[in-house]
Each structure stands twice: as structure tokens, then as C-alpha cells.
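First comes the structure, then the notes that go with it.
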Amino acid sequence: MRATTVVTEVGTGLRRNLGLTVAVVLVVLVASIMGGMAFLLHEQVNVMKDYWYDKVEVSVFLCGADSVAASCNGQAVTQAEKDQIQTDLESLPQVEKVYYESKAEAYQHFKEQFKGSPIAENAPPDSLPESFRVKLKDPTQYAVVAGAFAGRSGVEEVQDERALLDKLFAALNGVQNAGVVVAAITVAAALLLIANTIRVAAFTRRRETGIMRLVGASNLSIQLPFLLESMVAAMFGALVGAGFLALGKAFLIDHTLAPKFQFTPFFGWDSVWKAGILVLVLSMIIAAGASLVTLRRYLRV
Amino acid sequence: MIRFDNVTKLYASQVRPAIENCTLDIEKGEFVFLVGASGSGKSTLLRMMLREERPTAGSVHVLGKDLSRLSSWKVPALRRQMGTVFQDFRLLPNKTVFENVAFALEVIGKPRHTIAQVVPEVLELVGLAGKEHRRPDELSGGEQQRVAIARAFANRPMLLIADEPTGNLDPATSVGIMRLLDRINRTGTTVVMATHDAAIVDQMRKRVVELEGGHLVRDQSRGVYGYSR
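Top to bottom, those sequences are chains F and C. If you count the first sequence from 1, position 295 lands on 295 in this note's numbering, and the numbers rise without skipping. All you need for this note's numbering is the position in the second sequence, starting with 1, plus 1000.
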């Protein structure tokens, strides 16, 4: 069959079942947005992991005068203990770098982090503990430091920042999984809707397809218009969905969130492109799959 | 051209075979009437020729192909060498006469210039010159059947299968359709026609194959519709 004939057939088919075509476009649109968001969240977690895992440190907090930890004995850490802890830390093979943060520096960092918040205004300068910040060669080797220094006299607490990040990432992963589930449900709806649309289209055009079979049109030329129709509808839905993802990146991320959360990076436009191509390709594959399965049942030779 | 060899067809939901132990040979260029009461198996026989159905037992050869062994992707190529006409015309109501005939050629990939040449020729042959731009609902039944015949014959098939083509037409119109089928037969195309129309069969004096309850009960050259009517 000639290309122009196919194009005409596809156009007629899409218009004749306009209601169903719009329904397919919309459900694919929702599936694309949900799937694309899940993918972008995954990208966001990766970007944050790359950025933060390089920066995370193990903090060895030292006892202050009012520490309640058992290892402190109600006393502040002495200079001798401090020197000994630093030497021991530096001698560990897993440790890349150790530096000391005084109470004053800790207070400075704290004020910067919570700039404009009442917490920063009200915190007394003396309230934050001094600490050793330990950078590990391999951030997963946290247990070595914790094992050697937790409970040692003069050490109030050993804290792994990675553990804090992992909690955040776990929460983001939860959101991402919810996105995947919703996307899967919408994909299932899209599959059924496309299958049903094809069934209706095959029924409304049974005269044409019947004649095509009788005069010896190939399977391909009988089924291609139906296949292309569902793929065009799905492509349209995915394109609009990708457009929404791009709008989300431009307004929600770049315009609103990024200026407010400058301490963390956000996924870039390359991820949006990837998400767009992903939803486009997947939607069309899904549409083609659903169509072929249905066509096998309803348009047999 | 067509050979049925001890063919039995049993539909899945039925006990009695629609066709039982049927052996039939049709030569190239023949004109064969297939007669018999409703339910005698005429349509099943035609459907097996078109490979719409496959025999339960025995073999069907059409145009040199063993249809029980023909893989389904080769069926379209087979059907391009056959034309089919039905009682209910099966025209597309939203297409003109010209478009209806052209559609059959378009969907098998004929180039546009061939279509532009062939369609007027075949419409001229069936006597519809000048009515190219009418729609089916503007035509009489006889004219609609002529369009269907033009569509079936446009690709110059070796074999024309007609399932009660005059079933919806009055006797005078039917005669015209029969003349047309006869003319097509004279070009060398084999015609197999199932019919109830005794007057036509008697008049044409062609080969008659009669079915009764799925059995082939009569095969007579230059026959009539039946002995007892």
C-alpha cells in the first residue's frame, strides 16, 4: 500500500474515533508524566548522591561541659584527650583527612545553614559541640571509625552524615516507588484502553478490512493503519507529557526550588531530555504492543 | 484450477459435517454453477476455495496451491489471483464507484497510473461508463453488483467466485449480470457461482454441481437446476 494511502487511512481513523483517540492521548499523557517524574526523581537522587557522598564526613563530637553521654563523665574534653584522639584518627589507614571544628566555627556554620530561621537567632554561641571532621577514603568504611572511637572518654558521639543522607534518600526512593506504581497503573489503563480502541476501530471499519482481505491486501497493509493510529495517539500523549516535564523543570525546579535550596544540586536538562525520550519510546512501544496483540485477535486473515 | 480431494469439513460446534467426502475437479476456463438448498454446503465449499476455512480432512488445491499447507502469509498473494462477488455487494458506501474499484487496487499496492488506467477500462467492461462518480446508494441493485464485479475483476483474476450474485436482484437485472459473468468467463477466467436461481441455471446450460446435505449428488455438464422443482 502506498504511503499516502496509509496516511489518509490513519487520519480518517483518528478522526472517526475522536473521543477514543483523545482518551488514549490523555491516559498516555498521565502515564508519561508519572513515569517521567519517577525517572526524574531517580535522577535527582543520583545527582544528590554524587554531590553529597563526596562531601560527607564522619563527625566525632567531643564532650562539652554539659554533655550527658556516659563516656563524658560530666566533664568537658581535655586538651590531652583531644590531641590523642586526633593522632589516633590520623593513624587509621581508612582516613583520608582529619580537621578540627571549634565551637565558634560550628556556630558559624550553623548560622549559615539556618540563615533567616528563628533557630539560628536564638541559639547561644556556646551550645554547639566541638568536633573532629573525618574524611574517609571510602565513605562506606564508617564502622571502623565508629567502632574505634564511640564510647571513648572525651568523645560524646560519633555520627555518620551518610546515615542522615541515606534516610533522606530512602524517603525520596519511597516517593519514587509510589510514582512507579502510579505510572504502572496508568500504563495498565493505557494498555486496556488502546486494546479497546483498536477493537472499536476494527469493528467500525470491518467493511473496509473485509474487502481488503478478500482482494488480497497483505496483513501489514490491513493492520498498519490501526497500528499507526494508536502509535500516533500515544506519541502525541507522550510529547505533551514530555512538555509538562520540561515545564516542571523550568518552573518548579529552576524557577522555584533551586533558588531556595542552593546547598544542593538539582538534575539538569540532560535528564529531562532523557526522560522525554524514554517516555516517548516506551509509550510507542506499549501502544504498538497493545495494538498488535489486539489486531491478531480481531483482524485475522 | 480447483481440485477437492475427498474433502470433509466439520465445524467445531457441529456434529454433522458441512461437507463430507467431496471430490471435485474444475478446469481452467470453466463456468460452474453450484446449486443446492440452503445449508447444503455451497458456501462452505466456496469459503474453502478462498481459504477462509480449511478442510477437516482431504485436500483442496486452488491455482496450483495446496491450501491446507499454504502458510497464512501467502494467502493474500493467492487471493490477488481470485475475484469474489457476494449477494450483498459489499461496497463502501462513502466511496464513489471509481473509488470503490480503485480501493481494491490501492490496497494491494498498484501504482497510481495503473489504477487510473485500469479502473475506467473495467467500469466500461461492466457497463458503468459515465457513472464513475456516483455513490453506491445512488445506484440500482444491478448497478451496485456491476461495481462489485468490476472490483473483483479489476486485477484480472484467474478465478472468479460468486456467492449468489443475483440473490438480491430481479430476473431482468439478473440476466444482465449473468451476461456480464459470461463475458468475463469468455476472457478465460474460471467462474464458480453458487446460486438458487433455477431460471438462470436452466438458461445458461453450463456445468452444474449439486450439493445435498454436504454431499456432492450431481455433477453434470450443460445441466439444469434440478430434476424435481
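Glycine included, every Cβ here is placed at the ideal spot set by N, Cα and C. Please read these numbers as outputs of a predicted model, since none were measured by experiment.
One thing to note: C/V1007 has its Cβ within 8 Å of the Cβ of C/M1048. A residue is called buried once 16 or more other Cβ atoms fall within 10 Å of its Cβ, and C/G1083 is buried on that count.
Here the stretch 27 to 47 of chain F does not lie against the stretch 103 to 112 of chain F, with fewer than 3 beta-carbon pairs under 8 Å apart. When C-alpha distances from F/H109 are compared across F/K97, F/V98, F/A123, the shortest belongs to F/A123. Within chain C, the residues placing a beta-carbon under 9 Å from that of F/R207 are R1090, L1091, L1092, P1093, ordered along the chain. Per DSSP, reduced to three states, the secondary structure at C/Q1087 is coil, with no helix or strand assignment. Using a Cβ-Cβ cut-off of 7 Å, F/M212 is close to V1107 of chain C, given in chain order. By the rule that beta-carbons nearer than 8 Å mark a contact, C/T1008 does not touch chain F. Residues of the stretch 272 to 290 of chain F whose Cβ lies closer than 9 Å to any Cβ of chain C: none. Contact between C/V1032 and C/I1026 holds: their C-beta atoms lie close to 6 Å from each other, under 8 Å.
Between C/T1166 and C/D1197, the C-beta spacing is below 8 Å.
According to DSSP, residue pairing for F/E156 in a beta bridge does not occur. Pairing F/L224 with F/R297, the inter-Cα distance amounts to about 15 Å. C/V1032 is bridged by DSSP to C/V1192, C/R1207.
Along the length of the stretch 1127 to 1200 of chain C, whole beta strand (DSSP E) runs at least 3 residues long occupy 1159 to 1163, 1190 to 1194, reported in chain order.
With a cutoff of 8 Å on beta-carbon distance, C/L1160 and C/T1195 are scored as not near each other. Within the stretch 173 to 186 of chain F, no residue has a Cβ lying closer than 7 Å to any Cβ of chain C. Taking a contact as a CB-CB distance under 8 Å, the pair F/L239 and F/L193 does not count as one, their CB atoms being some 18 Å apart. Secondary structure remark: continuous beta strand (DSSP E) runs of at least 3 residues inside the stretch 104 to 135 of chain F: none found.
For F/A143 and F/I185, the gap between their C-alpha atoms comes out near 41 Å. At a beta-carbon threshold of 8 Å, none of the residues of chain C lie near F/A189; the nearest stands roughly 33 Å away. Counting of Cβ neighbours within 10 angstroms places F/W52 among the buried residues, the total reaching 16 or more. As DSSP reads the structure, C/R1003 sits in a beta bridge with C/D1025, C/H1061. Looking only at C/V1147, C/S1043, C/H1061, C/A1077, the smallest Cα-Cα distance to C/A1102 is reached by C/V1147.
Residue range 269 to 298 is occupied by the alpha helix (DSSP H) that includes F/V272.
Cβ contact annotation for C/Q1081 (same chain, cutoff 7 Å, sequence separation greater than five): L1063, P1157, M1158, L1159, in chain order. When DSSP states are grouped into helix, strand and coil, C/V1097 belongs to the helix group.
F/L282 and F/I33 have their C-alpha atoms roughly 12 Å apart.
Only exposed fits F/V293, as fewer than 16 other CB atoms lie within 10 angstroms of its CB. Leaving aside the five residues that flank C/A1162 on each side, the residues in its chain whose CB is nearer than 6 Å to its CB run, in chain order, V1085, M1193.
The Cβ atoms of F/D160 and F/V58 sit closer than 8 Å to each other. The straight-line gap separating the alpha-carbon atoms of C/E1099 and F/G35 is approximately 45 Å. Rounded to the nearest angstrom, the gap between the Cα atoms of C/I1115 and C/V1097 is 13 Å. For the stretch 29 to 105 of chain F, the full-length beta strand (DSSP E) segments reaching 3 residues or more read 58 to 62, 95 to 101 along the chain.
Leaving aside the five residues that flank F/L14 on each side, the residues in its chain whose CB is nearer than 6 Å to its CB run, in chain order, T21, E229. Contact between the stretch 1107 to 1124 of chain C and the stretch 1001 to 1015 of chain C is not established, with fewer than three Cβ pairs separated by less than 8 Å.
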